[in-house]
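Residue numbers for the sequence shown follow the numbering used here, so the first one is 403 and each next one is one higher.
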Amino acid sequence: FGQSGCNPCRVVKAVIEGERPDIEELGVTIEHVDLTKGVRDDRDELIAKYGIMSTPVTVIEKGSEVITRFNGMFNMKEMYETLEYVKEAK
403 FGQSGCNPCR
413 VVKAVIEGER
423 PDIEELGVTI
433 EHVDLTKGVR
443 DDRDELIAKY
453 GIMSTPVTVI
463 EKGSEVITRF
473 NGMFNMKEMY
483 ETLEYVKEAK
């Protein structure tokens, strides 16, 4: 989750996009959600559902269950470790 005027959001999005082929190879679907006011009709519902207080927020879900989330900038190694764990857990 990010916003158009948020520099850290742009960095996180660019890093994830750069890793997209490797992430998708793990069977993960990536969705960027712009929470900029006026962009989405469901903005308030998403903010409430995920408890978002600031952006960027990266959420890893399996099915409809939130496995973990990263608030702000994060280490890609940590994200890959989480994705591998989720993949193994089936």
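By construction, the Cβ of each residue, glycine as well, lies at the ideal position given by its N, Cα and C atoms.
Looking at the backbone, the Cα of Glu486 and that of Thr438 are separated by about 31 angstroms. Annotated three-state conformation of Gly420 is helix, per DSSP. Distance from Cys411 to Gly404 at the Cβ level is roughly 3 angstroms; contact confirmed, criterion being Cβ atoms closer than 8 angstroms.
Each of Gly465, Asp424, Thr457 was checked against the Cα of Val435, and the nearest Cα belongs to Thr457. DSSP, read as helix, strand or coil, puts Ile454 in coil.
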